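Note sheet for the following structure.
Residue numbers (our numbering): 67 to 353.
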């Protein structure tokens, strides 16, 4: 076989593997989208997608009250291994990616943990400004940092979730292979924080009302997920408690019913309530 033919075969295999990987990626996102309704029925498009003014390249055509700041801290992992375990211990690295509108897409990578697939520790956090969470996905892609394409397959595991169904707090993420089949015992331990951009509107309201809004929002968050061993866990996670935290931790995503409980009370709602209250006759107002 000539050198040119050999090189062409390598390039063909490289292109074929890239195509398969891309197909798997979008299949994973498609499956993640239907987590919102429990994998039944249709998922409706957001209203702004039906507007004639909508342009995916222009963030200003999207309702600004929907934008969020998503902070993801990748704390640790467990039971990460290659498909062929005879090739030795992995050196895992986690790729954290937002997939959505062009203005939202961003990717970060953790550092490589050398030769530790049993309980690698990272404690690295990443921040994403998401203009349109309704169309965005959070994807985790775990690979072996020691392996170099094309001699081996570096993929270890992956997981994808729609942004709108993500719950804040300490979460255990069950990992899957490239065909979206669950990997037994494989998981990532995360801490997720979600800040809504429209919370800055509270600055122009009376401090007493702003304080009441914060209390109500805190109450909603407490109702959305009862305290568990993972949600009350201190931020400094010891190796001793790592397995317990990842085994008993709550799932990262929630259904549409539990997600509705976490909606923040906007300043507009507070203002409407105050206007209704002020219009009442004085004898109807509570003392």
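For glycine and all other residues, C-beta sits at the position ideal for the given N, C-alpha and C. Small disclaimer: the values here were computed from a predicted structure and weren't measured.
Residue 192 sits close to residue 174, with the two beta carbons spaced by under 8 Å. Here residue 136 is buried. Its C-beta has 16 or more other C-beta atoms within 10 Å. In the pairwise beta carbon analysis, the region 235 to 242 is classified as not touching the region 119 to 127: fewer than three pairs are separated by under 8 Å.
Proximity to residue 204 across 126, 170, 186 and 185 peaks at 170, based on C-alpha coordinates. The continuous stretches of beta strand (DSSP E) do not include residue 102, and DSSP gives it neither H nor E. Per DSSP, residue 261 is one residue of the beta strand (DSSP E) stretching across 248 to 262. Here the alpha carbons of residue 224 and residue 250 stand approximately 13 Å from one another. By the Cβ-count criterion, residue 108 is exposed, with fewer than 16 other Cβ atoms from all chains shown falling within 10 Å of its own Cβ. Residue 239: member of the beta strand (DSSP E) spanning 235 to 242, first to last residue. Here the alpha carbons of residue 202 and residue 106 stand approximately 20 Å from one another.
Rounded to whole angstroms, the separation of the alpha carbons of residue 113 and residue 157 is 44 Å. By the 16-neighbour rule on beta-carbons within 10 angstroms, residue 167 is buried. In summary, residue 118 is exposed, with fewer than 16 beta-carbon neighbours lying within 10 Å of its beta-carbon over all protein chains present.
At a Cβ-Cβ threshold of 8 Å, residue 237 and residue 184 do not count as neighbours. Residue 144 is bridged by DSSP to 253. Closest by C-alpha distance to residue 155, out of 220, 134, 228 and 133, is 220. Looking from the CA of residue 263, the closest CA among 176, 196, 150 and 127 belongs to 196. Per the coordinates, the alpha-carbon of residue 92 lies some 30 Å from the alpha-carbon of residue 181. Here residue 94 carries a helix assignment [DSSP, helix/strand/coil].
Residue burial annotation: residue 97 is exposed, with fewer than 16 other C-beta atoms found within 10 angstroms of its C-beta. For the 8 Å CB-CB criterion, residue 188 and residue 141 form a contact.
In the three-state scheme derived from DSSP, where H, G and I count as helix and E and B as strand, residue 184 is classed as coil.
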